[in-house]
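When you line the sequence shown up against our numbering, it's residues 1 to 284, in that order. Note that CB positions come from ideal geometry on N, CA and C, so glycine has one too. First the structure, in the form of structure tokens, and then the observations on it.
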Amino acid sequence: MTDIIPADWSLWSMSKPEVIRPLLGGLTNKSYLISAGGSTLVLRQNSAISAALNLNRQTEAQVLTLADSEGLCAPLIHYDSDYQYMVSRYVTGRHWRADDHGLSTLAKLLARVHQLPAVDSYLDIEHKARSYWRAIDEDAVFSSDLSALTERVAEHIAGAKSFAGIPCVCHNDLLLENLIATDEGRLYAIDWEYAAMGDSFYDLAVIVEGHALNEQQQQLLLAEYLVRPVNTADWRRLTHWRVIYGYLTVLWYAVQWSSGIMKTADTSRDIAEQIRVLNTRFTS
Numbered sequence: 001m002t003d004i005i006p007a008d009w010s011l012w013s014m015s016k017p018e019v020i021r022p023l024l025g026g027l028t029n030k031s032y033l034i035s036a037g038g039s040t041l042v043l044r045q046n047s048a049i050s051a052a053l054n055l056n057r058q059t060e061a062q063v064l065t066l067a068d069s070e071g072l073c074a075p076l077i078h079y080d081s082d083y084q085y086m087v088s089r090y091v092t093g094r095h096w097r098a099d100d101h102g103l104s105t106l107a108k109l110l111a112r113v114h115q116l117p118a119v120d121s122y123l124d125i126e127h128k129a130r131s132y133w134r135a136i137d138e139d140a141v142f143s144s145d146l147s148a149l150t151e152r153v154a155e156h157i158a159g160a161k162s163f164a165g166i167p168c169v170c171h172n173d174l175l176l177e178n179l180i181a182t183d184e185g186r187l188y189a190i191d192w193e194y195a196a197m198g199d200s201f202y203d204l205a206v207i208v209e210g211h212a213l214n215e216q217q218q219q220l221l222l223a224e225y226l227v228r229p230v231n232t233a234d235w236r237r238l239t240h241w242r243v244i245y246g247y248l249t250v251l252w253y254a255v256q257w258s259s260g261i262m263k264t265a266d267t268s269r270d271i272a273e274q275i276r277v278l279n280t281r282f283t284s
């Protein structure tokens, strides 16, 4: 545990921080609860396979600074210049709930995220997919099925592009573990490592898929976000991005499996199941 605190801790703390305990739940990075100068903070060590996962840490640091200035994330303490780790204030609260109030609050948070000043990095779906494929084991048992899926997803990528509006800053990973509702009624987004400029409906698709929202919940989320009635074009646009998100998710797991981090029979079966579910999207 003594090797966890970065050597340059004096850049962000008056006294040497102490590790309290590891924080569980992260799939990509390692995080620790630490104490520094009477404050409780979170130290996150960035993943060793950040490049394989196509993570732009420089963009994350840039977006975090912008989000912090607007009170959208856990207050940022430090992001090191080599992009190996970051420190934020520890925010207590509970996970977000997908009830009417929660959906309305999340829609408002999302609108504020999409209003942040533009950054230099863009979410290019084809580029990200190619980057993932370079890190995937071609001999994996699921490789051929994944390749066949790639060809079928192409039509949805084209469809999403046909609806494309003005790119905006997107979080791109607003899953349950990345949303904290405080006792004071604020909603924070954490873990901005996938943030980039992109289509706002990708963020909406992540929420719909990641939280398994039913049709009524989807209707409320979209209407609250768009501040108008939801139309047929909105639903088609969302459908394209839901498929794309599912595809990138299964590629992400395939990279983790290929790297050895999640190379288990359970992960392989999960990947096969995700491919099967995605294939039903083309026949339903």
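Excluding its 5 nearest sequence neighbours in each direction, residue 220 has C-beta neighbours in its own chain below 6 Å: 103, listed in chain order. In the structure shown, the three-state DSSP call for residue 119 is coil. Here DSSP, grouped into helix, strand and coil, assigns residue 92 to coil. Shortest Cα-Cα distance from residue 246 to any of 271, 256, 223 and 232 involves 271. DSSP places residue 126 in the helix class (H, G or I) of the three-state scheme.
The segment 29-47 and the segment 70-88 touch, with no fewer than 3 CB-CB distances between them shorter than 8 Å.
Note on residue 235: under 16 other CB atoms within 10 angstroms of its CB, so exposed under the neighbour-count rule.
Membership of residue 21 in the beta strand (DSSP E) is indicated by the continuous run 18-23. Taking residue 83 as reference, the option from 53, 97 and 46 with the minimal CA-CA separation is 46. For the options 190, 136 and 189, the alpha carbon positioned closest to that of residue 259 is the one of 136.
The residues 16 and 17, in chain order, have a CB closer than 7 Å to that of residue 9 in the same chain once the five nearest residues on each side in sequence are set aside.
Given a length threshold of 3 residues, each whole run of the beta strand (DSSP E) inside the segment 133-214 is given here in chain order: 168-170, 179-181, 187-189 and 196-198. With a cut-off of 8 Å on Cβ pairs, the segment 192-201 is in contact with the segment 57-71, counting three or more such pairs. From the listed residues 274, 233, 267 and 224, the smallest Cα separation to residue 112 is found for 224. For residue 275, the enclosing alpha helix (DSSP H) stretches over residues 265-280.
Counting only residues of its own chain and dropping the five nearest sequence neighbours on each side, residue 68 has a CB closer than 7 Å to the CB of 75 and 76. Put simply, the segment 171-186 does not touch the segment 145-161. Fewer than three CB pairs are less than 8 Å apart.
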